[in-house]
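The numbering of the sequence shown is the numbering used here, which starts it at 28 and goes up by one.
Report on the structure given below.
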Amino acid sequence: MNVQAPVANITSGVTNITSGVTNAMSNAKNSVSNMFGKFSQGTTAGIGASQQFLQSNTIVAKLGFLIFVVIMFLILLILGIMMLSYFTGPAKDPYIISGMVSGANPMTIPQDPNASNSIPVLKSNNQSYGLEFTWSFWLYIDNLPDKVTGLQTIFCKGDGTVNNGPGVYLGPDLSNGVLHIKMDTVVSNDANNTIDIKNIPLRNWVHITIRCEQTTIDAYVNGTIATRLTLSNLPKQNYNDVLIAPNTGFSGKISNLRYYSRALNIFEINAVVLSGPNTTLINTTKTSSGASYLSRNWYSIQQM
């Protein structure tokens, strides 16, 4: 029996299997090598493409950054101008008189911003709700003018004759005083420009508010509306000085005269009333601050 033949066949089979495994491993190695080689080539190509993209967009990036810097500079510049205007510009709601002055001592409040003692009164900006403003002050009347003396000026934004924006005057009545509030309009010689507040009490502090919204003028006494006037034309705002008790003045005192470049609401008006007058006398001796400042005789609502 020939034993060598099967042995030879087995040896040949093992050799073939070994050769096949080796070839398979070699093929797998080559495949992996080819795959990583292609990946590396793709990565290199991607990096190159990114660099080309960045290089091609350098001008756009620089231009965009420049625009961003310019926009930020303009924003900061506007904010700086607004802050500077806020701290150095005239107040929108200034006190024309902060304290108390005697009606026997005339004062002139200049409106020229270059004057050292000026208190500019800004016009209503008219953008949101149209023309509107408010004047607020406390008034103490000692004695009424007689019929010979006639009207006495408490204060006037104007020249006291043909320009009243507004003008407040004290006139004689049978028993109590009457306040005449004149507001000129854009039409000269407009006769429909005066509000009369009667029964102003003597020797008591009374708060007066003059409130304007477009062509409507409201007069409040101690926080209560006294009368309303609807003008035929728009009010005329002027650049004249504010005159306090000019010419002969009046027998009494005025306190905390203030201008607002807007129309105060009823809550704001009553808050001013509740705060009371400032009895710190300007340029003269301070009077007693313990006097009652709300008249017991005022106020019943007048017919509108």
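By construction, the Cβ of each residue, glycine as well, lies at the ideal position given by its N, Cα and C atoms.
Just so you know, these numbers come straight off a predicted model, no measurement behind them.
Can you tell me which residues form a DSSP beta bridge with residue 179?
197
For residue 195 and residue 270, I'd like the C-alpha separation in whole angstroms.
10 Å
With DSSP as the reference, please indicate the residues paired to residue 280 in a beta bridge.
129, 167
Can we say the region 215-226 touches the region 140-154, given the rule of at least three CB pairs closer than 8 Å?
no
Locate the beta strand (DSSP E) running through residue 270, then write down its first and last residues.
269-271
Just to confirm the assignment, what range does the beta strand (DSSP E) spanning residue 229 have?
Segment: none, residue 229 is in no beta strand (DSSP E) and carries neither H nor E.
Of the listed residues 236, 267, 249, nearest to residue 289 (C-alpha basis):
Comparing alpha-carbon positions, the option among 236, 267, 249 lying closest to residue 289 turns out to be 236.
Extent of the continuous beta strand (DSSP E) run through residue 256
251-257
Do you know how far the Cα of residue 246 is from the Cα of residue 163?
10 Å
Using 8 Å as the Cβ pair cut-off and three pairs as the minimum, do the region 259-276 and the region 127-138 touch?
yes
C-beta contact flag for residue 261 and residue 188 at 9 Å:
no
Contact set for residue 18: own chain, Cβ-Cβ below 6 Å, skip 5 residues either direction
Lying outside 28 to 331, the shown extent of the chain, residue 18 is not represented and no answer is given.
When burial is assigned at 16 or more other CB atoms within 10 Å of the CB, is residue 291 buried or exposed?
Flag for residue 291 reads buried.
Would you report the Cα separation of residue 63 and residue 85, rounded to the nearest angstrom?
With a pLDDT of 48 at residue 63, under the threshold of 50, the modelled position of that residue is not reliable, and no figure is offered here.
Quick check on residue 181: buried or exposed, where buried means 16 or more other Cβ atoms within 10 Å of its Cβ?
buried
Using DSSP with H/G/I as helix, E/B as strand and the rest coil, what is residue 91?
helix
DSSP beta-bridge partners of residue 204
227
On the premise that residue 184 lies in contact with residue 265, defined as a C-beta separation below 8 Å, what is that separation, rounded to the nearest angstrom?
7 Å
Can you find the residues in the same chain that come closer than 8 Å, C-beta to C-beta, to residue 230, ignoring five residues on each side of it along the sequence?
Counting only Cβ-Cβ distances below 8 Å, and skipping sequence neighbours, we find 167, 168, 169.
Taking 6 Å as the limit between beta carbons, can you name the residues of its chain near residue 126, skipping five residues before and five after?
The beta carbon of residue 126 is closer than 6 Å to those of 305, 307, 309 in its chain, skipping five residues each way along the sequence.
If you draw a straight line from the alpha carbon of residue 221 to that of residue 104, how long is it in whole angstroms?
47 Å
When DSSP builds the beta bridges, which residues end up paired with residue 285?
Under DSSP, residue 285 takes part in a beta bridge, and its partners are 122, 163.
Where DSSP assigns a beta bridge to residue 99, which residues make up the other side?
Answer by DSSP bridge pairing: none, since residue 99 is not bridged.
Look at the Cβ atom of residue 268, then the Cβ atom of residue 140, and state whether they are nearer than 9 Å.
No, these two residues do not count as a Cβ contact at 9 Å.
Classify residue 97 as buried or exposed, calling it buried when 16 or more other Cβ atoms lie within 10 Å of its own Cβ.
Answer is exposed; the Cβ neighbour count stays below 16.
Count the other CB atoms, across all protein chains shown, that sit within 10 Å of the CB of residue 238; report buried if there are 16 or more and exposed otherwise.
buried
Environment of residue 257 [buried if 16+ CB atoms lie within 10 Å]:
exposed
Does the beta carbon of residue 294 fall short of 8 Å from some heavy atom of the ligand GDP?
Among the ligands in the structure shown, none appear at all, so the ligand GDP cannot be discussed.
To the nearest angstrom, how far is it from the Cα of residue 284 to the Cα of residue 186?
18 Å
What first and last residue would you give for the beta strand (DSSP E) that runs through residue 246?
Its beta strand (DSSP E) spans residues 243-248.
From this set, 218, 241, 298, 249, which residue's C-alpha is nearest residue 233's C-alpha?
249
Can you give me the Cβ contacts of residue 296 inside the same chain, cut-off strictly under 7 Å, excluding the 5 residues immediately before and after it?
Excluding positions up to five away in sequence, the list reads 236, 247, 250.
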